[in-house]
Amino acid sequence: MTRTIICCIGAIGLGGATLAAAPAAAGEPDAYEKRIYFGDLDVETDQGHRILKLRVSRAARSLCRSSGPVAVETWRAEKACLEQTRAHGFAQADALRNAPRGSVIVQSILISAR
């Protein structure tokens, strides 16, 4: 089992600052996406940032993990998928936190796995 990770961020820039990454490939078979909403969080605070990363971890787990026992090769592929998806999601969360205040309005992160 092989999985490819593609992440993107939806953003509307104010004052010229816009965050962007590669868009998820549309129409690909076996592609899975999870949108992580965080409009209820202040991601500039430690608590808000920590909660966003927890949501990213849970979403990555739901995209990459099978239910029940799996073969060793599948487990390794799932582990790699999980690590890559978390890393991409965490990078997006960090970018949001480090963006200049008032420069970006974002309500969700989109992570994809195939």
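Just so you know, we're using our numbering here: the sequence shown kicks off at 547 and counts up by one. Note that the Cβ used here is the ideal one computed from N, Cα and C, for glycine as well. Please read these numbers as outputs of a predicted model, since none were measured by experiment.
Short Cβ contact (7 angstroms threshold) for residue i with residue j
| i | j | result |
| --- | --- | --- |
| Gly635 | Val602 | yes |
| Leu609 | Tyr578 | yes |
| Arg611 | Glu619 | no |
Close-in-space but distant-in-sequence residues of the same chain around residue i (CB under 6 angstroms, 5 per side omitted)
| i | result |
| --- | --- |
| Gly594 | Leu587 and Asp588 |
| Gly585 | Gln653 |
Between the CA atoms of residue j and residue i - distance to the nearest angstrom
| i | j | result |
| --- | --- | --- |
| Leu656 | Val616 | 27 angstroms |
| Ile663 | Gly614 | Shown here, the chain extends from 547 to 660; a query on residue 663 therefore has no answer. |
| Ala637 | Ala626 | 16 angstroms |
Sequence-distant residues of the same chain with beta carbon closer than 8 angstroms to residue i, five excluded per side
| i | result |
| --- | --- |
| Ala639 | Val589, His595, Leu598, Lys599, Val602 and Ile655 |
| Arg632 | Val602, Ser603 and Ala606 |
Residues of its chain near residue i, where Cβ-Cβ distance is below 7 angstroms and the 5 sequence neighbours each way are ignored
| i | result |
| --- | --- |
| Lys580 | Ala605, Ser608, Leu609 and Ile657 |
Q: Entirely within the segment 620 to 648 and at least 4 residues each: give me those alpha helix (DSSP H) ranges in chain order.
A: none
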